[in-house]
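First to last, the protein sequences are chains U and A. Residue 27 is where the first sequence starts when you use my numbering, and the numbers rise one by one after that. Residue 48 is where the second sequence starts when you use my numbering, and the numbers rise one by one after that.
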Amino acid sequence: MSSRAFAPLEAGAFAATEKTGIAGDTSARMAPPPGTRRRWTESAGTARTRRLGLRFVALFYLLALLGAPVAMIFYRTFEHGLAPAWDAITQPNAMHAFWLSIELVAIVVPLNTAAGIGIALLMERGRMRGRSLLGLIVDLPFAISPVVVGLSLLLVYGRTGWFGNWLTAHSIQVIFSVPGMVLATAFVSLPFVARETIPVLHELGTDSEQAAATLGASSWQTFWRVTLPAIRWGVVYGVVLTTARALGEFGAVSIVSGRIEGQTQTLPLYVQDRFENFDTTGAYAAAVVLALLAFATLATMSLLAKRTSRDTLV
Amino acid sequence: MSTGSASEALAPLPAGRRPSPAGGRLRRHGGSALGRGLLGMYLSVLVLLPLAALLASAAKGGPSAFWQSVSSPEAVAALKLTLIVSAIVVAINALFGTLIAWVLVRDEFPGKRIVNALIDLPFALPTIVAGVVLLALYGKGGPAGVDITFTRAAVGLALLFVTLPFVVRSVQPVLIELDGSMEEAASSLGAGAWTVFRRIVLPNLAPAILSGVALSFARALGEFGSVVLISGNLPFKTEVGAVYIFNQVENDNVSGAAAVSVVLLVCALVVLGAMSWLSRRMSAHVL
């Protein structure tokens, strides 16, 4: 993209406009004065300076906002070696928080994967009325604060909530225990599989499904043998995003869990608890574990992006 | 679980939208109704019932109680702070998000792929960790030599961190698709770089920037995890809407919390709706 490469093109473009007169008005206004070639060579230097300047500003912004703070926490965690960090993360409460987070992921991700594929199929293949309502429900978690999600669940399943009496009578505890945390996590991570699968289903079209049906495949067979293999990378991408969101959820789980140490404390809640109790070593170590999981997520996403040739992650 | 997923997934297939030999047989497949039922139940238990309860709780005392909850000085201060900081944050996002997208698409430098992958980090990183990392660098005793703890600037910084990817990721694909010949034609006609950007590039990017801005704004309005540690949650100073709601819930003022929640939710929906309408209009105009 040097100016030299542009020069002949410039002359050609000029001739074309003059001949056809398509952009007559504009070209008259924008037409450079005689001696254009000289101006072009000058602006090559300016263009390079501008390019470098923009690059510097963008990278500096990213470094100050993202790179340096994240690097800092790794430095702080390991500045006295591996041992203190390891001790901090193998504390019983930390381990419990870690495994509780994993448990939530193990329950929520399959649920939301199934629901997400179902929603995507209904939106793309169904003729059901109320598809726009379904679309709205899927996008709602993006518009709702996690805190509001927690509050809403409290109002239904809490002690004084709609189902409170019934749940108490049957001695089922939802709020301040795992079921409530599952609901909170599932709510906030609901959209991802559906949103990643819908465009893939749309691209796929119905030709191969129709062919399978024509050849006598049942709808069950068609789904497992034709549709699912074709959309699998979109689904997997959604699963990765769901997992990351479920692991990191804080606000909604904070409200419905009651934050009972060693019982309903997930790893993000543990980070907050340690930080507020001035145990920065414990907070940083747990935060680093979560950050490493986030990096693993990013790496998986990059790998998948190659498979699915998404253009946002070139 | 597995049977549930199968039947849910199957539900729409037998809709029989085109004539095919199997269509008639498939239309009456039992899995369809079961799958839809299960999915409907899941969404009801998870999303619809809780939201209905939220609206009911906000409306319980009638309009006057709602108004009283929403117009309490602390709630007004929290909502005002949330709206103002979010507006500033999305303006910065629009500028730097577009710039970063531009550099990632049009520039070449070593390590670009890594930088590109790292843009998504705020989406992958738990929000509480976002707050902790910002405090580790810009907090008290941090190596940056500043202390932003418990300030409004800290709220803004946290929101900038968590909303960074939205504009970048919505502008990037449009910029990749954007045909360079229009820009070449403009500059060959003597337009300066700024004119080319303002007259050619910006109008093409505007819908994408807007949709990124809308998503950032909706996210910023409800953000909790990244703000809770860094802002100190001082009423009238650094307490944002989500934190106010959280505190009201902790203090058993559930209906007050619900009322403010509804206001936040309506703000987010209005912004998302308006921006999507505007960006549709603009893209119709440009293309």
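Glycine residues also receive a C-beta, built at the ideal position from the N, C-alpha and C atoms.
### Message
Would you say residue 254 of chain A lies against chain U (beta-carbon separation less than 8 Å)?
### Response
In the second sequence, the residue the question calls residue 254 of chain A occupies position 207. Answer no: the Cβ-Cβ gap between residue 254 of chain A and chain U never drops below 8 Å.
### Message
Between residue 174 of chain A and residue 279 of chain A, how many whole angstroms is the CB-CB distance? I'm expecting something under 8 Å.
### Response
Taking the second sequence and counting its residues from 1, one reaches residue 174 of chain A at position 127. Taking the second sequence and counting its residues from 1, one reaches residue 279 of chain A at position 232. Between residue 174 of chain A and residue 279 of chain A, the beta carbon gap of about 16 Å keeps them out of contact (Cβ cut-off 8 Å).
### Task
Under 8 Å between beta-carbons, which chain A residues line up against residue 323 of chain U? List them in chain order, please.
Within the first sequence, residue 323 of chain U is the residue found at index 297, counting from 1. Chain A residues near residue 323 of chain U: 171.
### Task
Examine the Cβ distances between the segment 183 to 202 of chain A and the segment 267 to 279 of chain A and report whether three or more of them are shorter than 8 Å.
yes
### Task
Measure from the C-beta of residue 212 of chain U to each C-beta in chain A and report whether the shortest distance is under 8 Å.
The sequence position of residue 212 of chain U within the first sequence is 186, counting from 1. For residue 212 of chain U, the answer is yes, since a Cβ of chain A falls inside 8 Å of its Cβ.
### Message
Within a Cβ cutoff of 6 Å, which residues of the same chain sit near residue 283 of chain U, ignoring the five residues on either side of it in sequence?
### Response
By one-based count along the first sequence, residue 283 of chain U stands at place 257. Taken in chain order, the residues that qualify are 207 and 290.
### Message
Would you say residue 283 of chain U lies against chain A (beta-carbon separation less than 8 Å)?
### Response
Within the first sequence, numbered from 1, the residue matching residue 283 of chain U stands at position 257. Closer than 8 Å: no.
### Task
With 8 Å as the threshold, decide whether the Cβ of residue 308 of chain A is near any Cβ in chain U.
Start at 1 with the first residue of the second sequence, and residue 308 of chain A comes out as number 261. Yes, contact with chain U.
### Query
At a Cβ threshold of 8 Å, is residue 272 of chain A touching chain U?
Sequence index remark: in the second sequence, residue 272 of chain A carries index 225 (1-based). Taking Cβ atoms only, chain U reaches closer than 8 Å to residue 272 of chain A, which makes this a yes.
### Task
Counting only runs of 4+ residues fully inside the segment 128 to 206 of chain U, write out the alpha helix (DSSP H) ranges in chain order.
157 to 169, 172 to 183 and 190 to 195
### Task
Report the three-state DSSP secondary structure of residue 3 of chain A (helix, strand or coil).
Residue 3 of chain A is absent from the structure shown; chain A starts at 48 and stops at 334.
### Message
At the level of alpha carbons, what is the spacing between residue 341 of chain U and residue 121 of chain U?
### Response
Because chain U is modelled from 27 through 340, residue 341 of chain U falls outside the range shown and cannot be assessed.
### Task
Can you grab the Cα-Cα spacing for the pair residue 260 of chain A / residue 197 of chain U, in whole Å?
As a working note, residue 260 of chain A is residue 213 in the second sequence. As a working note, residue 197 of chain U is residue 171 in the first sequence. The straight-line gap from Cα to Cα measures roughly 46 Å.
### Message
Taking the beta carbon of residue 116 of chain U as the centre, do at least 16 other beta carbons fall within 10 Å, making it buried, or is it exposed?
### Response
Counting from 1 along the first sequence, the entry for residue 116 of chain U is found at position 90. Residue 116 of chain U comes out exposed.
### Message
By the three-class DSSP mapping on this structure, what secondary structure does residue 85 of chain U have?
### Response
Here residue 85 of chain U corresponds to residue number 59 of the first sequence, with the count starting at 1. The answer is helix: DSSP assigns residue 85 of chain U an H, G or I state.
### Message
If you follow the alpha helix (DSSP H) that residue 97 of chain U is in, where does it begin and where does it stop?
### Response
Numbered from its first residue, the first sequence carries residue 97 of chain U at position 71. Residues 94 to 104.
### Task
Compute the distance between the beta-carbons of residue 269 of chain U and residue 135 of chain U, then report whether it is under 8 Å.
As a position in the first sequence, residue 269 of chain U is number 243, starting the count at 1. As a position in the first sequence, residue 135 of chain U is number 109, starting the count at 1. Against a cut-off of 8 Å, the Cβ pair of residue 135 of chain U and residue 269 of chain U comes out as a contact.
### Task
Just tell me which of U:296, U:147, U:171 and U:172 has its CA closest to the CA of residue 161 of chain U.
Counted from its first residue, the first sequence places residue 161 of chain U at position 135. The shortest C-alpha separation from residue 161 of chain U is found at U:147.
#### Entry: Residue-level contact to chain A via CB, residue 74 of chain U, 8 Å cutoff
Against the first sequence, residue 74 of chain U aligns to sequence position 48. Between residue 74 of chain U and chain A, the shortest Cβ-Cβ separation is not below 8 Å.
### Query
Between residue 169 of chain A and residue 215 of chain U, what straight-line distance do the alpha-carbon atoms span, to the nearest angstrom?
For the purposes of this step, residue 169 of chain A is identified with residue 122 of the second sequence, where counting begins at 1. For the purposes of this step, residue 215 of chain U is identified with residue 189 of the first sequence, where counting begins at 1. Approximately 15 Å between the Cα atoms of the pair.
#### Entry: Exposed unless 16 or more other CB atoms sit within 10 angstroms - verdict on residue 286 of chain A
Numbered from its first residue, the second sequence carries residue 286 of chain A at position 239. Under this definition residue 286 of chain A is a buried residue.
### Message
Within 10 Å of its beta-carbon, does residue 195 of chain U have 16 or more other beta-carbons around it, so buried, or fewer, so exposed?
### Response
Here residue 195 of chain U refers to the residue found at position 169 when the first sequence is read from its first residue. Counting Cβ neighbours within 10 Å, residue 195 of chain U comes out exposed, since fewer than 16 surround it.
### Query
At a CB-CB cut-off below 7 Å, which residues of chain A make contact with residue 297 of chain U?
Your numbering for residue 297 of chain U matches position 271 in the first sequence. Chain A residues near residue 297 of chain U: 175, 176 and 179.
### Message
Extract the residue ranges of the alpha helix (DSSP H) inside the segment 135 to 205 of chain A, only unbroken runs of 4 or more that lie entirely within it.
### Response
159 to 165, 168 to 171 and 174 to 185
### Query
Could you check where the alpha helix (DSSP H) with residue 111 of chain U kicks off and where it finishes?
As a first step, residue 111 of chain U is located in the first sequence; it is residue number 85 there, counting from the start. First-last of the alpha helix (DSSP H) with residue 111 of chain U: 108 to 115.
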